[in-house]
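Input: a single structure, listed below in structure tokens.
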Amino acid sequence: EIHIKEPIEKEVNPHLLPGELLLCEASTVYKYVQEDGSNRGTYGKLVCTNFKISFLDDDSASDDNEPQFKNKIVGENDITLQCVDQIYGVYDEKKKLLTGQLRKYPETLIIYCKDLRVFNFCLRYTKEEEVKRIVSGIVHHSQTPKLLKRLFLFSYASAAPNNTDGRNQTVMFETLEDWRDELERTKGNVKYKTVTTNEGYRVSEKLPLYFVVPICISEENILKYEGRGIPIWCWSCHNGAALLKMSSFPKEQDDSTSQMQKAFLDGIYKTISKPPYELLRMDDLSSSLPSLQDIQTAYTRFKQLFLIDNSTDFWATDVKWFSLLESTNWLEIIRRVLKKAIEVAECLEIQHTNVLLIEESATDLCCVISSLVQVMMDSYSRTKSGFQSLIQKEWVIGGHSFLDRCNHLHKSEKEEAPVFLLLLNCVWQLVQQYPPAFEFTETYLTVLSDSLYVPIFSTFFFNSQHQRDTNKSGESLKTQSGPFRFLTVWDWSVQFDPKALAFLNNPLYAEKPKPERSQRKTARFKHQRQLSLPLTQAKPSTKRGFFREETDHLIKNILGKRIGKFINSSDEPPNSLREFYDSWHSKPVDYHGLLLPRIDGPEIKVWAQRYLRWIPEAQLHGGGTIATAAKILDLMEEVQSLQVKMDEEHSQAVSGDVHSVPLLRNSARLSSLFPFALLQRQSVKPALPTSTWKDLEDEDDLVKRDDEFVDLSGDML
Numbered sequence: 001e002i003h004i005k006e007p008i009e010k011e012v013n014p015h016l017l018p019g020e021l022l023l024c025e026a027s028t029v030y031k032y033v034q035e036d037g038s039n040r041g042t043y044g045k046l047v048c049t050n051f052k053i054s055f056l057d058d059d060s061a062s063d064d065n066e067p068q069f070k071n072k073i074v075g076e077n078d079i080t081l082q083c084v085d086q087i088y089g090v091y092d093e094k095k096k097l098l099t100g101q102l103r104k105y106p107e108t109l110i111i112y113c114k115d116l117r118v119f120n121f122c123l124r125y126t127k128e129e130e131v132k133r134i135v136s137g138i139v140h141h142s143q144t145p146k147l148l149k150r151l152f153l154f155s156y157a158s159a160a161p162n163n164t165d166g167r168n169q170t171v172m173f174e175t176l177e178d179w180r181d182e183l184e185r186t187k188g189n190v191k192y193k194t195v196t197t198n199e200g201y202r203v204s205e206k207l208p209l210y211f212v213v214p215i216c217i218s219e220e221n222i223l224k225y226e227g228r229g230i231p232i233w234c235w236s237c238h239n240g241a242a243l244l245k246m247s248s249f250p251k252e253q254d255d256s257t258s259q260m261q262k263a264f265l266d267g268i269y270k271t272i273s274k275p276p277y278e279l280l281r282m283d284d285l286s287s288s289l290p291s292l293q294d295i296q297t298a299y300t301r302f303k304q305l306f307l308i309d310n311s312t313d314f315w316a317t318d319v320k321w322f323s324l325l326e327s328t329n330w331l332e333i334i335r336r337v338l339k340k341a342i343e344v345a346e347c348l349e350i351q352h353t354n355v356l357l358i359e360e361s362a363t364d365l366c367c368v369i370s371s372l373v374q375v376m377m378d379s380y381s382r383t384k385s386g387f388q389s390l391i392q393k394e395w396v397i398g399g400h401s402f403l404d405r406c407n408h409l410h411k412s413e414k415e416e417a418p419v420f421l422l423l424l425n426c427v428w429q430l431v432q433q434y435p436p437a438f439e440f441t442e443t444y445l446t447v448l449s450d451s452l453y454v455p456i457f458s459t460f461f462f463n464s465q466h467q468r469d470t471n472k473s474g475e476s477l478k479t480q481s482g483p484f485r486f487l488t489v490w491d492w493s494v495q496f497d498p499k500a501l502a503f504l505n506n507p508l509y510a511e512k513p514k515p516e517r518s519q520r521k522t523a524r525f526k527h528q529r530q531l532s533l534p535l536t537q538a539k540p541s542t543k544r545g546f547f548r549e550e551t552d553h554l555i556k557n558i559l560g561k562r563i564g565k566f567i568n569s570s571d572e573p574p575n576s577l578r579e580f581y582d583s584w585h586s587k588p589v590d591y592h593g594l595l596l597p598r599i600d601g602p603e604i605k606v607w608a609q610r611y612l613r614w615i616p617e618a619q620l621h622g623g624g625t626i627a628t629a630a631k632i633l634d635l636m637e638e639v640q641s642l643q644v645k646m647d648e649e650h651s652q653a654v655s656g657d658v659h660s661v662p663l664l665r666n667s668a669r670l671s672s673l674f675p676f677a678l679l680q681r682q683s684v685k686p687a688l689p690t691s692t693w694k695d696l697e698d699e700d701d702l703v704k705r706d707d708e709f710v711d712l713s714g715d716m717l
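All the letters of the sequence shown, read from the start, carry residue numbers 1 to 717 under full-length UniProt numbering.
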């Protein structure tokens, strides 16, 4: 039975951006709201443009009830073409992947998005001609290979007025001065120099225009192998030790070439191992970390846990949550990457050794490790502008192939790998373990991950600085000629208004004290949710719970063997690393000094806000970290208002700049996945297939124990 809301009679037109063109549309499309497994939904119009797929119902026309945290570019019912992951059609209740030319058109269209939203559109009541046009249009424009210049990025850049906010503090690393300033900031300018050898890209199209190398490296060496085999500077530690990266030579070479390259490398290593340089430690990341293919495979499995069609599917997989989560290997990859970053930090901090990261192109895992090390060791990288400058330096200018790794053009799935997402997942672990150390919030990281798929910013839509520069010139759509003026993602005012921007800033950030360094915060933050695999057996419940059989199986197969891998695995770290790790964690945390992530077993968690935000069943109403934050913010406001009153009494009134986040006033109504799930929504218990539970519980018994139902679904997380 379908609970029908009458089709809209008034015309609803899509809001089009500059350069955006309407390509096809279909009326009387029924969008299911499948939170509770029912067929409830709403009628509207489904449209496809050269930028997005959009569903317009009568609510789209009104501005009432708008959430405080609203994206100005991509609405709640908008999917950018780059955000479409897979499209399925339902034929006689069977799902089929849609690609290329279609002979038969489906009754229902299911769109899975890269930001993990799932849309279900029923086309049963739509005219046949419109169904053909909209389905083939959506499949063609979102799934078939594209030319770079066909990206909406170029249409928007040629049509949009360029009135961006000039107050952006992010260092873009596009000029020689930017690199020199960074060298000076890190005091690396004694042993390292900025080079202009690649001006005009005469060395390599993969390298940036300007970069930094050891002073002893000659221009001739840089030119010899197109920049391969040259140590490129990333960052200098306070003690003078530096983090370097290098692209290796191809492995398949004839003997004479290999001998020449080996002799060249030996010469380079000798040069940079002598004083004034520190001892050199080399780390080939291709052998010490998972391959890009392993990372892609793990993430593909992992994201399937969160692409939930309906409530029934959610509860069916819930029973096997721990084993499904472990089998993806995604949390283990995050743990290995964090452990590698700790190893590098120990070399720099304790052993005063230079570390040279080696990778075939030095633009994938090198970017992940060098960025993580800087976030852990340099408090500037934990500010918003510092983190953005870091992404610019190591990823955007550093030559990470965003276009290929995100498969924006649908050219080749072989090149696809969520390398940048892996970094954000690792940084999130640090943010949730040490909240006061970061000026930005997890919401900032979530919207940054979403921005990977918004093609009005050039930041994540090129493979290199060379590709960006060569595509900047060209005729625009309107007769004027001249270079395209691309937007940068770091101008957040393009996507959010000031109220929403407040969610990106951490009100609990412990700003760096001026001179006194003696006052160190000792409080450790406890976390409410265990979105991780368990390490030790919890106290057994007196009642038979939902997860008893699953947990029993888990304890036999996992506990003590595979989870606490930092301690127990065959790749157990050397004693010095373990001592460094334990010693650091035994002391109070200095939020402006070195930060080491906790990586033992269940300390590595699932990034709940990003992965669970569209699943109502996974939300805790009035709970989670947001409830704690709301109480603390109330106290902060009270203290600040009292301070203002005291100042006024002393005739020294100060305007109280209260860092309150909007919509936190009534925390009881908020979801733990706020601000994406804003207010409490009624969630109906699922009608579960009896077979799912036949070995676990009597169905009547389930309905009676309301409190146990809630508690245990929380344990699942």
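Where a beta carbon is used, it is the ideal one built from N, C-alpha and C, also for glycine.
- Between the stretch 457-468 and the stretch 629-648 there are fewer than three C-beta pairs closer than 8 angstroms, too few to call the two in contact.
- A straight-line Cα-Cα distance of about 15 angstroms links Gln351 and Lys340.
- Between the beta-carbon of Tyr453 and that of Asp115 there is about 7 angstroms, and that keeps the pair under the 8 angstroms contact cut.
- Three or more Cβ pairs closer than 8 angstroms define a contact, and the stretch 577-585 falls short of that threshold against the stretch 357-372.
- At least 8 angstroms separates the beta-carbon of Lys512 from that of Glu439.
- Residue range 498-501 is occupied by the alpha helix (DSSP H) that includes Lys499.
- Rounded to whole angstroms, Leu620 and Thr628 show a C-alpha spacing of 13 angstroms.
- In the DSSP secondary-structure assignment, Gln86 is bridged to Tyr112.
- Boundaries of the alpha helix (DSSP H) harbouring Met636: 625-649, taken from the DSSP string.
- With contacts defined as CB atoms closer than 8 angstroms, Leu421 and Ser371 fail to qualify as a contacting pair.
- Within the DSSP secondary-structure output, Cys122 pairs in a beta bridge with Tyr30, Thr108.
- Going by DSSP, Phe55 is part of the beta strand (DSSP E) stretching over 52-56.
- Bounds of the alpha helix (DSSP H) holding Thr271 are 255-273.
- In the structure shown, Cys216 falls within a coil segment according to DSSP collapsed to helix, strand and coil.
- Contact annotation: the stretch 404-411 does not touch the stretch 386-396, with fewer than three C-beta pairs closer than 8 angstroms.
- The alpha-carbon of His585 is positioned some 13 angstroms away from that of Glu346.
- Closest in alpha carbon position to Ile369, among Leu289, Ser671, Gly137, is Leu289.
- The stretch 430-473 contains, as complete alpha helix (DSSP H) runs of 4+ residues, the segments 442-450, 465-472 (chain order).
- DSSP places Trp235 in the uninterrupted beta strand (DSSP E) bounded by 232-236.
- Taking a 10 Å sphere around the C-beta of Ile215, we find fewer than 16 other C-beta atoms and assign the residue as exposed.
- For Asn425, DSSP records no beta bridge to any residue.
- Checking the DSSP bridge columns, you'll see Glu359 partnered with Ser247.
- As computed with DSSP, Thr194 is found in a beta bridge with Val212.
- Counting the other Cβ atoms within 10 Å of the Cβ of Arg335 gives 16 or more, which makes it buried.
- If the five residues before and after Ser379 are omitted, its C-beta is found closer than 6 angstroms to the C-beta atoms of His592, all from its own chain and listed in chain order.
- Asp491 is the residue among Asp181, Asp491, Gly200 whose C-alpha sits nearest the C-alpha of Gln388.
- Annotation for Phe55: Lys31, Gly44, Leu46, Asn77 place their beta carbon closer than 6 angstroms to its own, counting only its chain and skipping 5 residues before and after.
- Proximity to Leu23 across Val33, Val29, Leu81 peaks at Leu81, based on C-alpha coordinates.
- Rounded to whole angstroms, the separation of the alpha carbons of Ser291 and Ile333 is 10 angstroms.
- Taking C-beta separations shorter than 8 angstroms and ignoring five residues to either side along the sequence, the partners of Gly227 in its chain run Asn198, Val203, Ser204, Lys206, Leu207, Ser247, following chain order.
- In this structure His141 is buried. Its beta-carbon is surrounded by 16 or more other beta-carbon atoms within 10 angstroms.
- Counting along the chain, Met377 sits inside no beta strand (DSSP E); it lies in the alpha helix (DSSP H) bounded by residues 365-377.
- Closest in C-alpha terms to Tyr112, from the list Gln101, Thr126, Ile138, Gly100, comes Ile138.
- For the set Ile358, Leu17, Cys122, Ser381, the Cα lying nearest the Cα of Ser27 is the one of Cys122.
- With respect to the 8 angstroms criterion, Thr459 and Val494 are not classified as neighbours on the basis of their beta carbons.
- DSSP lists Ile358 as the bridge partner or partners of Asp284.
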